Amino acid sequence: MKKTAFRKIALALLAFTLLLGLAVPSAGAATLTTEEKFQILKQHGIMTGFEDGSSRLHESMSREQFAAVLYRLLELPSSNSTPRFSDVLKNRWSFTAVQAVRNAGIMEGKGNNRFEPTAPVKVEELAVVLLKVNNGTPNTNISFQGKVSAWAKGAVATALVKGWIAPMSDYTVKATRGVLVEAIYAVYIGSGTALDVRSVEGLNVQTVRVNLKAKAGSADVNRFSLRDDLGNAVPILYSTVSADGMSVLLTTGYQLENRTHYLTIDGSVWTYTSTKSDMTKPTITAFDRITARVYTLTFSEPVDNGTATNPSNYSFSGGLKLTSVQLSSDKRQVTITTSNQSDNTRYWLTVKNIKDLAGNVMDTRSDLSIIGSNDATKPTIIESEFKVNADASLTIKFSEKVNRDIAVQTARYSIPGLSVLSASLDNEGRTVTLRTSAQQDKTVYNLTVSGIPDLAGNIMDTKSGLLFGGISNPVLPVKLQSIAAVNENTIEVTFDRDITDSDIGSLVVTILKDNGANVSMSGWSKYAVRKSGANKVVSVQFRTGTDPNPALFQPGHVYSARVTGVSSLLTQDGANDTTFAGTVAANEIPYAKQVVVVNRSTIKVLFSEPVKNVNEPYFVLNEQGGSAVGISHDELNNTGAVVTEVTLKLSKDMTPGQVYVLTFKPGITDAAGFNGWKTKNGNEDYSILFTGI
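Residue numbers (mature numbering (1 follows the signal peptide of the UniProt record, and there is no 0)): -29 to -1, 1 to 664.
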């Protein structure tokens, strides 16, 4: 064994000795402070303190001090050869260490034959040196945040992944002695490759779960050891990484009940309290169909392999046979395959005698059933309906409904030169929409689809040769952002970008629910118009067949709605559905709000909101207490126009100082044409007074 290996073991023993002296909370890891790690390195002769006995962890370390640490740590051979640097001669205290690290190729000079021994070590320099010490290769494909020199980027990235250094905003700063202590300790204790543990919990007297902060691909049983607070060693029989990689399940020898146990994981010690004996029977928590004739039974806990894979513990009614039984690696899921089934026949499954790892036997289940299917037809793609859309998405239609969970997997689709970013299946279950990376103009692409089954589990034959031309300037998809009630029968629909007049004309808003109850829109009409000054917002006013101004959106109510009819509108996963709240605001009818005298023969009438059907006969002008004043015409001369004002020409000049009264007749309506304008105040005519000039 190499000296460095002995040194690493000695460090681990020192660390473990110190850990035993710490007060460790239940189910938590005993971690060392930087000062405690320094003391371990100091006891081992790797680092030294100052004359006053302090560690000065917040001070920087010079290059020659770092060289001395590496010289002692790696036990490098000394050399009394000609000095390699002009500023580190034989009479300098660090000469031997500097010569050794230079000869070993671990540390380099700063140019011009100078080592700059008193210069501080930077964090990025530390990363480069640690990589050399461990014969590592810098990885420039790892992304991270923080300032770093180009020459050190790969080394810093690797050091971060290994856990040798902590994430920082700037890696060009001086490395403190504390940073150096953490790095040296991490490398030689092994935390750089350790599992990133969140917690440890005892599930039963023979099972322990290790919960992780980061995914693990494997966890060899030799990385774990277990003992109880009486000093008894408990064997680790095997370890299993969960399907998502976020936990490790350890099966152990028998643990004494309700006692503190110490689980060592990659040199770190975690504590937990063992459970009482497992007296709980395993139960079936799920029974699912995977493909044609293949089903899974999910158990509440890991089960015994011998009983779980014994075909005699499973039986179907109707003469249906089992052709295979398999147990998953986590020992919680059994996959069974049957013989050919009769179409639309119900088969009842009986499961019995399955044991958990503690030997508890399940209660027999005879209430599980399947509906047989003799569908042996594979799904196919309807080539005539394959197309690339204006927004550069692809539409694929199948001959029958397909398995949703598999159809939305992007790995089922490949296009040389492009990446498939997303796949969605419509509510009918037959049409898939793909979105890809940026396509190139004047380029032919070839789509291949494979591995997608129908609902009976029949898997399609791989289909290639689905050709389409790239669209380099796709129509951007539109996303519904919100719906808000303006008043009791008008809403505003907001999108994430401008929409066209054509989209407004075809816009459909369906009110689905009112406080969870279904809404019938039978007899409803709508008026949709772009909100003035807001090209992303559409105002939609509703009326019913019997009420032009109904109270539809009540305060305190929550409404769910769906928007359709807008080209390129995102609809995947209900993106075009949203909710909004009702309001107390009434939809006031329009009215004339002001008269502006333009000149002696001209007045302008301003309206409270956009109106239409504006015509001269709907205005009546009189001198106050006197004669009528004729209105010759209105300058709009367009009853179909939607306006906010109109100019009226009088048949004679007004008298300066004379007060005039303008009243109104029915005929003018709001822009939707649903509600007439205001002509009365109670039983009196609604009027506006103004003075002539």
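Even for Gly, the Cβ is constructed at its ideal location relative to N, Cα and C.
Bear in mind that the values here come from a model prediction, so they are computed numbers and not experimental data.
Three-state class that DSSP yields for residue i in the structure shown
i           : result
Glu655      : strand
Arg468      : coil
Pro54       : coil
Pro637      : strand
Gly(-2)     : Below a pLDDT of 50, predicted positions are generally treated as unreliable, and Gly(-2), at 41, falls in that range; the measurement from the model is reported next regardless. Gly(-2): coil per DSSP, three-state reduction.
Tyr225      : coil
Thr404      : strand
Thr235      : strand
Phe270      : strand
Asp259      : strand
Glu153      : helix
residue 672 : The question about residue 672 has no answer here: the residues shown for the chain are numbered -29 through 664.
Close Cβ partners of residue i (< 6 Å) along its chain, the five nearest in sequence each way excluded
i      : result
Asn593 : Ala599 and Val632
Ser260 : Before going further, note that residue 260 is Arg rather than Ser in the sequence given. Closer than 6 Å at the Cβ level, and outside the excluded window around Arg260, lie Tyr266.
Phe645 : Arg514 and Pro519
Val567 : Lys575
Trp319 : Ser288 and Ser340
Pro350 : Phe369, Ser370, Glu371, Val373, Asp425 and Met431
Trp271 : Residue 271 is actually Ser in this sequence, not Trp. If we look at Ser271 and ignore the five residues flanking it on each side, its Cβ neighbours are Pro253, Thr254 and Thr256.
Ala361 : Val446
Thr433 : Ser421
Asp656 : Thr634
Val457 : Glu463
Val569 : Lys575
Burial state of residue i, where buried means 16 or more other Cβ atoms lie within 10 Å
i       : result
Gln411  : exposed
Leu540  : buried
Phe115  : exposed
Trp122  : exposed
Leu166  : buried
Gly487  : exposed
Glu35   : buried
Ile342  : exposed
Ile664  : exposed
Thr278  : buried
Ser(-4) : A caution first: Ser(-4) carries a pLDDT of 36, below 50, which makes its placement in the model unreliable, though a value can still be read off. Ser(-4) comes out exposed.
Met250  : exposed
Ala(-7) : Any answer about Ala(-7) is weak, because its pLDDT of 35 lies below 50 and its placement is not dependable; what the coordinates show is given next. Looking at its Cβ environment, which holds fewer than 16 other Cβ atoms inside 10 Å, Ala(-7) is exposed.
Leu438  : exposed
Glu606  : exposed
Glu459  : buried
Pro526  : exposed
Beta carbon of residue i nearer than 8 Å to that of residue j
i      : j      : result
Ala190 : Ser170 : no
Leu102 : Leu151 : no
Val72  : Ala38  : yes
Thr550 : Tyr530 : yes
Ser31  : Thr147 : yes
Val205 : Thr223 : yes
Lys502 : Val508 : yes
Tyr243 : Leu234 : yes
Pro273 : Lys302 : yes
Gly440 : Val359 : yes
Ala499 : Ile462 : no
Lys649 : Tyr589 : no
Ser310 : Lys292 : yes
Leu268 : Gln304 : yes
Thr246 : Gly173 : yes
Val479 : Gly545 : no
Thr481 : Ala532 : yes
Thr321 : Thr308 : no
Leu392 : Thr407 : yes
Asp58  : Pro88  : yes
Same chain, Cβ closer than 7 Å to residue i, five either side skipped, listed in chain order
i       : result
Phe9    : Met18, Ser26, Leu28 and Val152
Gly596  : none
Asp485  : His528 and Tyr530
Ile77   : Leu41, Val100, Lys103 and Val104
Gly(-9) : Its pLDDT being 36, under 50, Gly(-9) is placed unreliably in this model, and the value from its coordinates should be taken loosely. Contacts found: none.
Asn334  : It is Asp, not Asn, that sits at residue 334 in the sequence shown. Excluding residues within five positions, the ones whose Cβ falls inside 7 Å are Lys252.
Beta-carbon contacts of residue i that lie in its chain and below 8 Å, excluding the five residues immediately before and after
i      : result
Ser572 : Lys620, Leu621, Lys623, Asp624 and Met625
Thr129 : Ala98, Leu102, Gly107, Thr108, Pro109, Asn110 and Ile113
Leu201 : Leu227 and Arg230
Arg383 : Ile377, Ala394, Val420, Ser421, Gly422 and Ile423
Are the stretch 461 to 479 and the stretch 439 to 449 touching by the rule of at least three beta carbon pairs closer than 8 Å? yes
Pairs of beta-carbons, one from the stretch 317 to 328 and one from the stretch 352 to 363, closer than 8 Å: are there three or more? no
Pairs of beta-carbons, one from the stretch 60 to 72 and one from the stretch 124 to 133, closer than 8 Å: are there three or more? no
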